[in-house]
Amino acid sequence: MGTGKQYDEEFKKQAIKLAKEIGTKAADELCIPKGTLGTWLQKARIGEIDTGAGSRTPGESLTIAQQLQAANKRIKELEKKNRELEELNEFLEETSAFFASNRRKSGKNNG
Numbered sequence: 096m097g098t099g100k101q102y103d104e105e106f107k108k109q110a111i112k113l114a115k116e117i118g119t120k121a122a123d124e125l126c127i128p129k130g131t132l133g134t135w136l137q138k139a140r141i142g143e144i145d146t147g148a149g150s151r152t153p154g155e156s157l158t159i160a161q162q163l164q165a166a167n168k169r170i171k172e173l174e175k176k177n178r179e180l181e182e183l184n185e186f187l188e189e190t191s192a193f194f195a196s197n198r199r200k201s202g203k204n205n206g
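Below you can see the structure in the form of structure tokens.
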């Protein structure tokens, strides 16, 4: 079980920055558990810990740009599919109304 020690945000930011520079040795130098530093690195990667502007490596920035590009592509695909489904739904509503009105007409003629 952990000691429950609390670290302030600035310490976490600096630890993350150091870990990106020298790797897992940062945990030893800062006298913090490697698991704790690993958790902070994960949180920084997904944006839960703000490490400030310019703290991303070029590789991380490229990955984020690629993720953004893929997300935008997916949004466009979903918007296209949504339009298609809305058109199909409109067609089905019109068709249903057409057949319902024909059914009422034929019911009056037979009755």
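With the working numbering applied, the sequence shown covers 96 to 206. All C-beta atoms, glycine included, are put in the ideal place defined by N, C-alpha and C.
{"Asked": "Let me make sure I understand the geometry here. Which of Tyr102, Glu182, Thr146 has the alpha-carbon closest to that of Pro128?", "Found": "Tyr102"}
{"Asked": "From Glu105 to Leu173, what distance separates their C-alpha atoms?", "Found": "40 Å"}
{"Asked": "Classify Leu132: buried if its beta carbon has 16 or more other beta carbons within 10 angstroms, exposed otherwise.", "Found": "buried"}
{"Asked": "Just to confirm, are Thr158 and Lys112 a CB contact at a threshold of 8 Å?", "Found": "no"}
{"Asked": "Between the alpha carbons of Met96 and Gly142, how many angstroms are there, rounded?", "Found": "Note that Met96 has pLDDT 46, beneath the 50 cutoff, so the model's placement of it is unreliable and the number below is only indicative. Going by the C-alpha atoms only, they are around 27 Å apart."}
{"Asked": "So what's Gly133 in DSSP terms, helix, strand or just coil?", "Found": "helix"}
{"Asked": "Given that a residue counts as buried once 16 or more other Cβ atoms are within 10 Å of its Cβ, and exposed if not, what is Leu187?", "Found": "exposed"}
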